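There are 4 protein chains.
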Amino acid sequence: MLRFGLFGAGRIGRVHAASLAAHPRTELAIVYDPIEVAAHEVATLYGATPTQDAEAILADPAIDAVIIASPTPTHVDLLTASAQAGKAILCEKPIDACAEEIKGLNATVMVGFNRRFDPTFAAVRDRVANGEIGRLEQLLITSRDPAPAPAAYIASSGGLFRDMTIHDFDMARFFLGEVTEVQATGANLIEPYIAEAGDVDSALVTLRGAGGELCQITNSRRCAFGYDQRIEAFGAAGMLSVGNHTATSVRLSGAAGTETAPPYLNFFLDRYATAYAAELDHLVVCIEQGLTPSPGFADGRAALVLADAATESAKTGRVVRVEAAGGS
Amino acid sequence: MLRFGLFGAGRIGRVHAASLAAHPRTELAIVYDPIEVAAHEVATLYGATPTQDAEAILADPAIDAVIIASPTPTHVDLLTASAQAGKAILCEKPIDACAEEIKGLNATVMVGFNRRFDPTFAAVRDRVANGEIGRLEQLLITSRDPAPAPAAYIASSGGLFRDMTIHDFDMARFFLGEVTEVQATGANLIEPYIAEAGDVDSALVTLRGAGGELCQITNSRRCAFGYDQRIEAFGAAGMLSVGNHTATSVRLSGAAGTETAPPYLNFFLDRYATAYAAELDHLVVCIEQGLTPSPGFADGRAALVLADAATESAKTGRVVRVEAAGGS
Amino acid sequence: MLRFGLFGAGRIGRVHAASLAAHPRTELAIVYDPIEVAAHEVATLYGATPTQDAEAILADPAIDAVIIASPTPTHVDLLTASAQAGKAILCEKPIDACAEEIKGLNATVMVGFNRRFDPTFAAVRDRVANGEIGRLEQLLITSRDPAPAPAAYIASSGGLFRDMTIHDFDMARFFLGEVTEVQATGANLIEPYIAEAGDVDSALVTLRGAGGELCQITNSRRCAFGYDQRIEAFGAAGMLSVGNHTATSVRLSGAAGTETAPPYLNFFLDRYATAYAAELDHLVVCIEQGLTPSPGFADGRAALVLADAATESAKTGRVVRVEAAGGS
Amino acid sequence: MLRFGLFGAGRIGRVHAASLAAHPRTELAIVYDPIEVAAHEVATLYGATPTQDAEAILADPAIDAVIIASPTPTHVDLLTASAQAGKAILCEKPIDACAEEIKGLNATVMVGFNRRFDPTFAAVRDRVANGEIGRLEQLLITSRDPAPAPAAYIASSGGLFRDMTIHDFDMARFFLGEVTEVQATGANLIEPYIAEAGDVDSALVTLRGAGGELCQITNSRRCAFGYDQRIEAFGAAGMLSVGNHTATSVRLSGAAGTETAPPYLNFFLDRYATAYAAELDHLVVCIEQGLTPSPGFADGRAALVLADAATESAKTGRVVRVEAAGGS
């Protein structure tokens, strides 16, 4: 039984807490959150100890692993300290700082690119890898959020490419391995406060893979019909594609239209619920068997490199060439 | 160039007139309708001669073939007379009278079971015949009209099974060959005037094929979302199925629902437009090459036998066994 | 925390054991199975006590409720004894004996018609009840197993209508309330050993609801493409329909065909996994709040009445009229 | 009755000949082709006169209109001469030369961007214009040919963007009106002879519309599953999308996969058969009523401007800004 500490008892922290409770070989031992009532609530639900002292988790030798689900600005410090404390780590967001600090520590670090663990996306990637569509030529990723985050979030998000497209960059790398060129176009079509924050709310990004593949990412901060998450992998021998998911398989036909499906699953907590559990299971197996989790720390950095290249391309109107960044 | 005479310049007569005009090897020569303006209108559109004298068509040796698209009560007389006049015949409705009269005449008679010529249904039947789903075990036919016919039509229609299900009975025979048992259940769920006419407006019919197959027909005189025409052929190795057709392939996704297709094609003139042209082409080829058209006169009678068995079963609540009726 | 005893550590017993473990307010306390290793295995997995003494469960006042997942012949005795012992009961199969024995006991009895708790079927039924398609006119239920049970099972199954169609009869009652007429046609198209056991392997059943609705059930013991579980609810204003479920939403397009979905979920444990958990939750809420679970004992008997009527109709070729049987 | 002359009796010329024959108010009077047997064959089929003298068509005052379906290099001369001869003109390919020559002639010129007349694409555009999805934000066009043209064709095609993407550029303008920015990325993934000709066989193009909309075009010269022609129009209130078309609506479910649709319609003659007829009808109505056809000469030039911008962008890796080019 692996004993976990959880940093952060917010929305995503609760998802991980539930996964830990449901996993047969993990236990949520301790929950840190600076807001006492939040830590208490989550801890009580799963029989764990609440704390407002992050050090208590790091110092406890009975804690095998931590999940960093606290606000993004805290990630670098918590990841560094956790690595130094010898904990296995699942960090929700990719990080491009502190690489030097953790380099010699041999820490087990996993980055929360949960979509790799979605059964459908994973199946497509396996089938592409197995040659079912021949050589992969084009990868099309559609990724639209149901509604824009509030102004306060946008202001500190790091921008669309780092905050939202980052998952699509990782998905591109999941299929293509390395990426060599980035070209991005952004637009402000939705909310004035996004433009005022110096960010875009809509974007098209074109990538070229190291194997010559073309990849296209379509983003929007708003989608009237739910969380739009689709992939098309097009190859010499055919295409594998993934549509959106609905809560039920009901279809309505009436005088106004036929075969109407329900609205799509609303957002990532619904759409990727299975993926979060599978992600945790991967980490557990890696810890148990001494393996290196994937996506690891380097994969997080590689995606951030693409995000920064996209930001630059959108500003300059030029293709940005990137170096292979490692990772898996 | 085959020269055709047309009996009846109504809705379905106009469909055949258009098919004759578009076919490269036929010519619409003469149009009969007791309503002068109707005959005139259709004749003018296609450069034919209008007439109110049906005999003129039968007596003209330059007329090779006739299409009987006049009201149903006139069919027996027109078919008999046309056969005696040596014309090839396409009769819109199946007939169970006058078999004796035409027996020795060697007439080329085709019955207007146009659905056999629908490219989609024909493809399914060919694929079943080619063994793609192994032995056929179950055949499910859904057939719903968009809206009930008016009371006057219902009163003289011969009843749901003879008027509407008749096409489904033919479709059953198209797949199964002969049918040995009929079981039917009717209901009045739609319009009081249908019950008042002693007819049902909804029905479920179960057939057993000579090869042991089970067949299910679902009927309704009303369907809010258009003309509902579907088939499932289920066999030992799989299933071939046919969905409804829409005018365009557009889908709408919005906050209220996703992937909404347009309403289905409204009724048989739209849904089976291609089938009418293919039906005519089959007759033309048969005339040109001296072949026997299928479905022929005997197929019409065989379907009527099933309709009468269904009527009896719905009344008595008992399975009705039927003799093989021939046809193709 | 409700403490449960489990009778039967086989395939379906394990499903319930897992649901009990995952439910936040239940605990699997004790597992009975005459096969020691089976009881031990399941008990160990969830920290429960294994036993070969069924009486031990009934006699233990700390056990609030039992799940009867043992072989069908044991159900009557276990249900009666459990009711007498004052336990709340979830019985996997419907029972038509022992009604007298349990009548005065005020026992909380739930029958394992799990499909009522499938989110998709439940959604359709709610939407029909909310009037979304107007008056319900026709209900079509397709239910095909992936492969026939072995000869030994078939021999003691009670026949297709009691063993397999029983779930469809309950689904019909879920939508229609009471049923007044049953008409059934069976066939032997699949395995000779089914005919040799005096049973059919394929069937079409027509029901008439108390409100005049028509209902059609299509059954087969074999389906090449997986577990075929579909429903169409057709009404005056439209249709709600449910398609099959696949493990992923991937589609393949290639030279041989396009938009190929994966095979459907293989069988009931996969297709109705969510339903089993929701079923248990319903029982838990009923116990906690002193409510009567639905489907209850009377619903089980009502479905068995329909099964027997179908058996008789298939033999005699006649409609069988049934009395309203109560239940919910 | 409008009398047409046809330049070119090849594949596309025959499509127009058939449309002219089927249209109730047009007549194919004369067919020019330098290959005598081709002109003769098409002329005979529709009762027209064959000729090897293009001047004969231009000089004949009884010819109201011409269709230029000859090889692309002949278009400029034929269009100029036809305009000078006062004929109404449907020219298969867009032209950016001879604008000066025809400027003062007030000629009725239509360009063969037939996709605007596809009922499905036209319906989407109308619905977008009617505000059904709110403000249009993103337009995604997928356009893949079933197989690359032979080396000889590629060598003289003018390149992917002028030869193939040109239709997608027109479709972008059909929805967006003017385009202000072009960014393109090409790749060689299919056939070496395409790279050897200095052309690309795969491409991603990003456009920005004058209203700020983002538009994405995905191209490939090869598609294993047929002619891939899809559009997604994404707006503030939802999305309208168009899938591919198949010859029948049959679906196959078997052990290897479920719901397999047939391969898509093979190429443009099949997919856009209806569009060619509707295109001709538009020209006929314009001639009859003295209206200006759309897409007109200026629309052809505007699309070519985008093609050249894409070519430049693909070479330089930079966004190319374009001036509004007029047209409709």
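Protein chains in written order, with this note's numbering: chain A, 22 to 349; chain B, 22 to 349; chain C, 22 to 349; chain D, 22 to 349.
Note that beta-carbon positions come from the ideal geometry of N, C-alpha and C, so glycine has one too.
Please read these numbers as outputs of a predicted model, since none were measured by experiment.
- Skipping 5 residues on each side, what residues in its chain have a beta carbon closer than 8 Å to that of residue 83 of chain B? 24 and 50
- Item | Contact list for residue 339 of chain B against chain C, beta-carbon separation under 7 Å | 338 and 339
- What are the partner residues of residue 26 of chain D, as DSSP defines its beta bridges? D:51 and D:87
- If we call anything under 7 Å between Cβ atoms a contact, is residue 187 of chain D one with residue 328 of chain D? yes
- Item | Residue from C:45, C:201 and C:151 whose Cα sits closest to the Cα of residue 65 of chain A | C:45
- Query: What number of angstroms, rounded off, separates the C-alpha of residue 153 of chain A from the C-alpha of residue 272 of chain C?
  - Reply: 12 Å
- Closer than 7 Å at the beta carbon, the chain B residues around residue 70 of chain D: The contacting residues do not exist; residue 70 of chain D stays about 19 Å from chain B at best.
- Item | Contact belief for residue 180 of chain D with residue 139 of chain D at Cβ below 8 Å, rounded distance in angstroms | Not a contact, Cβ separation roughly 25 Å.
- Task: Could you list the residues in the stretch 114–126 of chain B with a C-beta less than 9 Å from some C-beta on chain C, going in chain order?
- Result: none
- residue 343 of chain A to residue 230 of chain A, Cα distance in whole Å? 10 Å
- Message: So with CB distances below 8 Å, who are the chain A contacts of residue 279 of chain B?
- Response: 246, 247, 265, 267, 281, 282, 283, 284 and 285
- Query: Can you name the residues of chain C whose CB is closer than 7 Å to the CB of residue 227 of chain B?
  - Reply: 206, 225 and 227
- Query: Does residue 270 of chain D have its Cβ less than 7 Å from a Cβ in chain C?
  - Reply: no
- DSSP-derived helix/strand/coil call for residue 73 of chain D: coil
- Query: Is any beta-carbon of chain C found at less than 7 Å from that of residue 333 of chain B?
  - Reply: no
- Excluding the 5 residues preceding and the 5 following residue 34 of chain C in the sequence, name in chain order all residues of the same chain whose CB lies nearer than 6 Å to its CB. 27 and 90
- Assign residue 344 of chain A to one of three DSSP states: helix, strand, or coil. coil
- Message: Which runs of the beta strand (DSSP E) at least 3 residues long sit entirely within the stretch 278–302 of chain B? Give them in chain order.
- Response: 278–281
- Item | Reference residue 72 of chain A; option with closest CA among A:112, A:30, A:101 and A:108 | A:30
- Tell me the start and end of each unbroken beta strand (DSSP E) in the stretch 188–259 of chain B that is at least 3 residues and wholly inside, in chain order. 200–208, 223–230, 235–241 and 249–256
- Is there contact between the stretch 159–168 of chain A and the stretch 234–253 of chain A, where contact requires at least three CB pairs shorter than 8 Å? yes
- Taking C-beta pairs closer than 7 Å, name the residues in chain B that residue 260 of chain C reaches, listed in chain order. 246
- Step through the CB atoms of chain D and report whether any lies within less than 7 Å of the CB of residue 217 of chain A. no
- Partner residues on chain A for residue 273 of chain B, Cβ-Cβ distance less than 8 Å: 278
- Query: Along chain A, which residues have their Cβ under 7 Å away from the Cβ of residue 145 of chain C?
  - Reply: 271
- Message: Any beta carbon from chain B within less than 7 Å of residue 250 of chain C's own beta carbon?
- Response: no
- Item | Contacts of residue 141 of chain C in chain A (Cβ-Cβ under 8 Å) | 269, 270 and 271
- Task: Determine the direct distance from the alpha carbon of residue 279 of chain C to that of residue 279 of chain D, and round the result to whole angstroms.
- Result: 10 Å
- Close beta carbons around residue 106 of chain C, own chain, < 6 Å, minus the five adjacent residues each side: 79
- Every unbroken beta strand (DSSP E) inside the stretch 145–196 of chain D [3 residues or more]: 157–165
- Output the distance between the C-alpha atoms of residue 173 of chain C and residue 119 of chain C, rounded to the nearest integer angstrom. 26 Å
- Task: Could you have a look at residue 264 of chain A and say whether DSSP puts it in helix, strand or coil?
- Result: coil
- Enumerate in chain order the residues of its own chain whose CB-to-CB distance from residue 177 of chain C is below 6 Å, with the five nearest sequence positions on each side excluded. none
- Task: Find the nearest neighbour of residue 285 of chain D within the set D:136, D:134 and D:266, judged by alpha-carbon distance.
- Result: D:266
- Message: Can you tell me where the alpha helix (DSSP H) holding residue 41 of chain D begins and where it ends?
- Response: 32–43
- Message: For residue 228 of chain A and residue 340 of chain A, I'd like the C-alpha separation in whole angstroms.
- Response: 9 Å
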